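**Student:** In order, the protein sequences belong to chains A and B.
So for the first sequence, the working numbering puts the first residue at 206; every next one is plus one.
So for the second sequence, the working numbering puts the first residue at 206; every next one is plus one.
A virtual CB, placed ideally from N, CA and C, is assigned to each residue, including glycine.
All values derive from a computational prediction rather than experimental measurement.
Number of protein chains: 2
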Amino acid sequence: MARIIIDKNSSRKEVILTKAASLFREKGYKAASMRDLAESVGVEAASLYNHIKSKTELLHEICFGVANRFMHKMEEVEGEKISPIEKIEALIRFHIDEMILHYEEVYVMDREWKHLSDPYLSNFQNQRRMYRKRFAAIIEQGISLKNIKPIDASTAVLILLHAIGGIESWHRSTQKISAEALTANMISILIGGIAASAKG
Amino acid sequence: MARIIIDKNSSRKEVILTKAASLFREKGYKAASMRDLAESVGVEAASLYNHIKSKTELLHEICFGVANRFMHKMEEVEGEKISPIEKIEALIRFHIDEMILHYEEVYVMDREWKHLSDPYLSNFQNQRRMYRKRFAAIIEQGISLKNIKPIDASTAVLILLHAIGGIESWHRSTQKISAEALTANMISILIGGIAASAKG
DNA sequence: ATAGTATGCTAACGTGTGTTAGCGATGAAT
DNA sequence: ATTCATCGCTAACACACGTTAGCATACTAT
């Protein structure tokens, strides 16, 4: 009889969650079936329900697991005594690290949150809105301090966050540059733009 | 008996395609059912098949319709006698315009192309890869001409294209700035970065 | 008015879905 | 060795899906 193989630090549920994230990323939440998931875990579909409540629960846990990490980081950064630009750079760096380290989960949260069902859906959307508002507030601080040029703050947030989402394509690419080089490039471009400037 | 209402310039199939794009955008390709589509068109599900071959066909036509427009623009821009930076600006502007004008279709192409089936899938992926290569080539020209700072060109392409995809969130936002202001902001940020520079 | 085509309807098909019930096997604790 | 909870299996459920067949209705052109 097959068994879900676990290592010391992760329960059977966590194994399922990891495989689910990978599958949801690959096929999309709706297209990934519980039978697919079962196969990738090495077990029959019904057996999954000894460890999880439902398919939706998997999506909840993935989405909120990631979202909570971002919220936590936001609180941390807001409290630091550094300039707005440095805060933004810290956040970007965190986003990139998260995307590289927890690729599947972050990707799934980004693209599949639509399939959450209420009350989780509204909850998620609220949290997202709040996060962006606080990000925009930091940008606006930078603008009043004249460290950031007078742009529309929420547009800037959109650009930053979605640009980072683009790491998805980097992650798949065969001829990748290193993660460090990628991070350096992104920050350089997002903070300084692509145009050559007098400063260097 | 219900009938699909058409205006002078669009066939019934085109009406279905438009509604399909809107539905695929809202729910995702897999989650949107033919019965949903039928209802939004004002007809029974089976009746759709007098006008279309299959659900997948709808996705093909949406994806390649948009992709072809981008490819065509790329060819046009490549042929113009302007600087690389101007070419990039022209392409960004086109992307933004397309996103604003054909929001649903562009969004669906961007997020739902995974559900294409071969040979359309490989075709699409090839075309996408080519487009990005040609975009990167323009950036590299700009780098050799020292109009663009020495960054990794393919990373820059990722950032640019994904940043534009972020208009999705703008499109939904209640308190939006105008399309012109958005475009100006985006180009300013992407070309010049967010940091205040000596140049102004 | 009539013929022919375009369009729509109802009914149904086969298949895949998430999930549950009930039972057998395994592992841990006494 | 026995007990008890944990875990996995088979079988099946009710339902939603994309799609087809066959027939009825509406429009178009003569």
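Are the region 308-328 of chain B and the region 238-257 of chain B touching by the rule of at least three beta carbon pairs closer than 8 angstroms?
**Tutor:** No, because fewer than three Cβ pairs between the region 308-328 of chain B and the region 238-257 of chain B fall closer than 8 angstroms, the two stretches do not touch.
**Student:** In chain order, what residues of the same chain have a beta carbon less than 7 angstroms from the beta carbon of L395/B, not counting five sequence neighbours either side?
**Tutor:** Closer than 7 angstroms at Cβ, skipping near neighbours: I297, L365, A368.
**Student:** So for G405/A, helix, strand or coil by DSSP?
**Tutor:** Low confidence applies to G405/A: its pLDDT is 38, below 50, so where it sits in the model is not reliable, and the reading given next is rough at best. In the structure shown, G405/A sits in coil (DSSP, three-state: anything other than H, G, I, E or B).
**Student:** I want to verify the contact list: residues of chain A whose CB lies under 8 angstroms from the CB of R316/B, in sequence order.
**Tutor:** R316, listed in chain order.
**Student:** Does I356/A come out as helix, strand or coil in the three-state DSSP assignment?
**Tutor:** Coil.
**Student:** Applying the criterion that 16 or more other CB atoms from any shown protein chain within 10 Å of the CB defines a buried residue, is I343/B buried or exposed?
**Tutor:** Answer is buried; the Cβ neighbour count reaches 16.
**Student:** With a threshold of 16 other CB atoms inside 10 Å of the CB of L350/A, please say whether the residue is buried or exposed.
**Tutor:** That one is exposed.
**Student:** Could you give the DSSP three-state label for H307/A: helix, strand or coil?
**Tutor:** If DSSP states are grouped into helix, strand and coil, H307/A belongs with coil.
**Student:** When we look at the beta-carbon of G212/B and count the other beta-carbons within 10 Å, is it buried (16 or more) or exposed?
**Tutor:** According to the sequence as given, residue 212/B is Asp; it is not Gly. When all chains shown are included, D212/B counts as exposed.
**Student:** Quick one, which residues of the region 231-242 of chain A are near chain B if we go by CB-CB under 7 angstroms, in chain order?
**Tutor:** Cβ contacts with chain B come from G233, K235, A236.
**Student:** Would you kindly report the start and end of the unbroken alpha helix (DSSP H) that includes D241/B?
**Tutor:** It spans 239-246 - the alpha helix (DSSP H) in which D241/B sits, taken as one unbroken run.
**Student:** Check whether the region 265-282 of chain B touches the region 321-329 of chain B, counting contact only when three or more Cβ pairs, one atom from each stretch, lie closer than 8 angstroms.
**Tutor:** With a cut-off of 8 angstroms, the region 321-329 of chain B and the region 265-282 of chain B count as touching, because enough Cβ pairs lie within range.
**Student:** Just how far apart, CA to CA, sit I348/A and A341/A?
**Tutor:** For I348/A and A341/A, the distance between alpha carbons rounds to 10 angstroms.
**Student:** Is R377/A buried or exposed, if buried means 16 or more other CB atoms sit within 10 Å of its CB?
**Tutor:** Looking at its Cβ environment, which holds fewer than 16 other Cβ atoms inside 10 Å, R377/A is exposed.
**Student:** For A207/A, which residues in the same chain have their Cβ closer than 7 angstroms to its Cβ, ignoring the five residues on either side in sequence?
**Tutor:** Only G247, V248 meet the Cβ criterion.
**Student:** Assign G405/B to one of two classes, buried (16 or more other C-beta atoms within 10 Å of its C-beta) or exposed (fewer than that).
**Tutor:** Below a pLDDT of 50, predicted positions are generally treated as unreliable, and G405/B, at 38, falls in that range; no measurement from the model is reported.
**Student:** Please specify which runs of the beta strand (DSSP E), each continuous and at least 3 residues long, are wholly inside the region 257-295 of chain A, giving them in chain order.
**Tutor:** Listed in chain order, nothing qualifies, since the region 257-295 of chain A has no complete beta strand (DSSP E) run of 3 or more residues.
**Student:** Any beta carbon of chain A sitting closer than 8 angstroms to that of M276/B?
**Tutor:** Judged by the 8 angstroms Cβ criterion, M276/B is not in contact with chain A.
**Student:** Does DSSP put K218/B in a helix, in a strand, or in coil?
**Tutor:** K218/B: helix per DSSP, three-state reduction.
**Student:** Which of the three DSSP states, helix, strand or coil, is assigned to N255/A?
**Tutor:** Three-state result, N255/A: helix.
**Student:** Looking at K224/B and L242/B, is the spacing between their C-beta atoms short of 8 angstroms?
**Tutor:** Closer than 8 angstroms, so yes.
**Student:** Reducing DSSP to helix, strand and coil, say where A361/B ends up.
**Tutor:** It is helical.
**Student:** K319/B touches chain A at which residues, Cβ-Cβ below 7 angstroms?
**Tutor:** By Cβ distance, chain A contributes G233.
**Student:** Name the chain A residues whose beta carbon is nearer than 9 angstroms to that of N390/B?
**Tutor:** By Cβ distance, chain A contributes I356, D357, T360, A361, I364.
**Student:** Would you identify the three-state DSSP class for G347/A, choosing helix, strand or coil?
**Tutor:** Helix, per DSSP.
**Student:** Under a three-way DSSP split, which group does E317/B fall into?
**Tutor:** Note: E317/B maps to helix in three-state DSSP.
**Student:** Quick one: residues in its chain with C-beta nearer than 7 angstroms to the C-beta of A272/B, no 5 flanking neighbours on either side, listed in chain order?
**Tutor:** Once the five neighbours on either side are set aside, the close Cβ partners of A272/B are M314, F329, Q332.
**Student:** Report the neighbours of L387/A on chain B: residues whose CB is nearer than 8 angstroms to its CB, in chain order.
**Tutor:** The answer, in chain order, is D357, T360.
**Student:** Using a Cβ cut-off of 8 angstroms, pull out every chain A residue sitting near H265/B, in sequence order please.
**Tutor:** Within 8 angstroms Cβ-Cβ: nothing; H265/B doesn't reach chain A, min ~17 angstroms.
**Student:** Distance, Cα to Cα, I221/B vs A384/A?
**Tutor:** Roughly 44 angstroms separates the two Cα atoms.
**Student:** Does any CB atom of chain B fall closer than 8 angstroms to the CB of I297/A?
**Tutor:** Not one chain B Cβ lies under 8 angstroms of I297/A.
**Student:** Closer than 7 angstroms by beta-carbon distance: list the chain B residues that pair up with H367/A, in chain order.
**Tutor:** In chain order: H367, A368, G370, G371.
**Student:** Considering Cα atoms alone, identify which of I209/B, G397/B, I392/B is closest to D302/B.
**Tutor:** Among I209/B, G397/B, I392/B, the Cα nearest to that of D302/B belongs to I392/B.
**Student:** Less than 6 angstroms between C-beta atoms, sequence neighbours within five positions excluded: which residues of the same chain meet that for G370/B?
**Tutor:** Hits under 6 angstroms: D315.
**Student:** Does DSSP put S374/A in a helix, in a strand, or in coil?
**Tutor:** If DSSP states are grouped into helix, strand and coil, S374/A belongs with the helices.
**Student:** I believe R275/B touches Y336/B by the beta-carbon criterion, under 8 angstroms. Please report the beta-carbon distance rounded to the nearest angstrom.
**Tutor:** The sequence shown places Phe at residue 275/B, not Arg. The pair is a contact, with the Cβ atoms about 6 angstroms apart (cut-off 8 angstroms).
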